[in-house]
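A.B. asks:
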């Protein structure tokens, strides 16, 4: 990794040079969102993860605040971004279908920055995913264009895609076009650490040196894929450094609120597409003018719905009328703040393909969850669909895990977690004693009160968001309760975890 480290040192030297704010202290701050793709917590060095090397992001955290419990509103690219932009859940914003464009009547917060705060606004980098896909397998015509439903060219001033290596150049072009005297908002999207995992070898750690998370079996394929993933994170760090260099060179670093976050979790088992923590618990680092305690950290629950109202408040603006997110700007600037009691995450269909007769696929899976500081309640509405990891079902980790399960050599808890069929309708986890979410407590009398509390909280959220799924009932179909009797025979127990 010597060449990689030399590159980072050079970039860091430039980024940490003296900067002179372009605007006066009382002017509105510039806002820059840096969004990585498929990036689970804790895969950043500042969180204590020794598998990765991220000096740029670590320095960013040392000059701001890092969040341990930031949860995107969905473990999937499109809906999570919809929540980020609207301050609403993907369900409420009608964005649980992957190929959907953001409805024209759903206001993205950069529109408010532009119309009410006089911001110059832009989006660049990897696809931002909110103008809909073009599923040609269904129809040859671009129906979204025909129906005039691609709206983001009218929502922001600057809209331009680019590969990760070109994000900094594109960002510089955006700043060149910015009218003098206007603050800016830029949402820069990165592909890393999303597939394809093709980072050069100098970014790749030795697979033998890695610490394997307990929700993975420690197999050769696991270590190889984990090394590939960490290489992508390491390369991402250099891409972020190049963007920060643009800010520094223009004397704008200290007048800019920088938000670094992941869109959803890693594309490996228990991650992307699942409602377990690695699917939606992602990095969040905020640096910028006004932050009270530099190098601080928090374990308060933060939702993907909360980013929009937070940045609007930082700009001196009120949240949008329909936003359900809660601003955590007071937390950042050291004022009184009431933390969330719960966060909510939804899971809908993945990808843009049509339904087929064989629907036992991870592309179609409907579920919801609610999480408190200690417990999580998951509601599976398609339990007959066997678990399969999103975007990694053909990878070495999953292939070797499946083979070990068939051979009877896989840890029983992992076999129960990944291969129970049907899956339980309800899952309950004590995250204090079981942070890997491998022991389902649903239906246990000892946890009945906790489970009902979370179930009712989820029901309330589903009602408020006009969720289209049936509400979870009192009868628990989890690991420890039988189906109702059918005649003189008991029905088989629902599959457990």
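Numbering (our numbering), first residue to last: 256 to 752. Built from N, CA and C at the ideal position, the CB exists for glycine as well.
#1: Could you check if residue 773 is buried or exposed, using at least 16 other CB atoms within 10 Å of its CB as the buried criterion?
#2: Which residue wins for smallest C-alpha separation from residue 335, given the options 305, 646, 625 and 527?
#3: Taking the alpha helix (DSSP H) that residue 479 belongs to, which residues open and close that run?
#4: Taking Cβ to Cβ, would you say residue 380 is nearer than 8 Å to residue 444?
#5: Looking at the unbroken alpha helix (DSSP H) that takes in residue 412, where does it start and where does it end?
#6: Ignore the nearest five residues each way along the sequence and tell me which others in residue 638's own chain have a CB closer than 6 Å to its CB.
#7: Would you give the residue range spanned by the alpha helix (DSSP H) that residue 432 belongs to?
#8: Along the beta strand (DSSP E) that carries residue 329, what are the first and last residues, could you check?
#9: Measuring only the C-alpha atoms, how far is residue 687 from residue 394?
#10: Are the region 597-612 and the region 465-483 touching, with three or more C-beta to C-beta distances below 8 Å?
#11: Taking 8 Å as the threshold (C-beta atoms), are residue 378 and residue 566 in contact?
#12: Taking DSSP as the reference, what is the three-state secondary structure of residue 559?
#13: By how many angstroms is the C-alpha of residue 538 removed from the C-alpha of residue 720?
#14: Let me make sure I understand the geometry here. Which of 641, 645, 283 and 322 has the alpha-carbon closest to that of residue 368?
#15: Less than 8 Å separating the beta-carbons of residue 472 and residue 693?
#16: Sort 547, 683, 420 and 432 by Cα distance to residue 588 and report the nearest one.
#17: Taking only runs that begin and end inside the region 657-716, name each unbroken alpha helix (DSSP H) of 4 or more residues, in chain order.
#18: Is DSSP giving residue 606 helix, strand or coil here?
#19: Please find out if some non-hydrogen atom of the ligand COA comes closer than 7 Å to the beta-carbon of residue 595.
#20: Can you give me the C-alpha to C-alpha distance between residue 725 and residue 340, rounded to a whole angstrom?
#21: In the structure shown, what three-state DSSP assignment does residue 522 receive?
#22: Do you know how far the Cα of residue 662 is from the Cα of residue 318?
#23: Going by the beta-carbon positions, is the gap between residue 406 and residue 359 smaller than 8 Å?
#24: Once you ignore the five residues that flank residue 438 on each side, which residues in its own chain have a CB closer than 6 Å to its CB?
#25: To the nearest angstrom, how far is it from the Cα of residue 660 to the Cα of residue 667?
#26: Report the three-state DSSP secondary structure of residue 726 (helix, strand or coil).
#27: Please state the DSSP three-state secondary structure of residue 443.
#28: Ignore the nearest five residues each way along the sequence and tell me which others in residue 362's own chain have a CB closer than 8 Å to its CB.
#29: Is it buried or exposed for residue 296, if we count other Cβ within 10 angstroms and need 16 for buried?
#30: Is it buried or exposed for residue 376, if we count other Cβ within 10 angstroms and need 16 for buried?
#31: I'd like the list of long-range same chain contacts for residue 299, defined as Cβ closer than 6 Å, with 5 residues on each side in sequence excluded.
#32: Across the region 494-512 and the region 588-603, are there enough close Cβ pairs to call them in contact, namely three or more that are closer than 8 Å?
#33: Do you know whose CA, among 701, 559 and 712, lies nearest residue 330's CA?
#34: Tell me the DSSP secondary structure of residue 514 in three-state form.
#35: So residue 695 packs on residue 683, CB below 8 Å; how close in whole Å?
#36: Residue 277: buried (16+ other C-beta within 10 angstroms of its C-beta) or exposed?
C.D. replies: Walking through what the data contain:
#1: The structure shown does not extend to residue 773, since the chain is modelled only from 256 to 752, so the question has no answer here.
#2: 527
#3: 475-504
#4: yes
#5: Where residue 412 is concerned, there is no enclosing alpha helix (DSSP H), given that its DSSP letter is neither H nor E.
#6: 677, 678 and 680
#7: 422-432
#8: Residue 329 -> no beta strand (DSSP E), and no H or E assigned at all.
#9: 49 Å
#10: no
#11: no
#12: helix
#13: 26 Å
#14: 283
#15: no
#16: 547
#17: 667-674
#18: coil
#19: The ligand COA is not part of the structure shown, which contains no ligands of any sort.
#20: 27 Å
#21: coil
#22: 50 Å
#23: yes
#24: 283, 285 and 374
#25: 9 Å
#26: coil
#27: strand
#28: 341, 575 and 577
#29: buried
#30: buried
#31: 309, 312 and 538
#32: no
#33: 559
#34: strand
#35: 6 Å
#36: A caution first: residue 277 carries a pLDDT of 42, below 50, which makes its placement in the model unreliable, though a value can still be read off. Flag for residue 277 reads buried.
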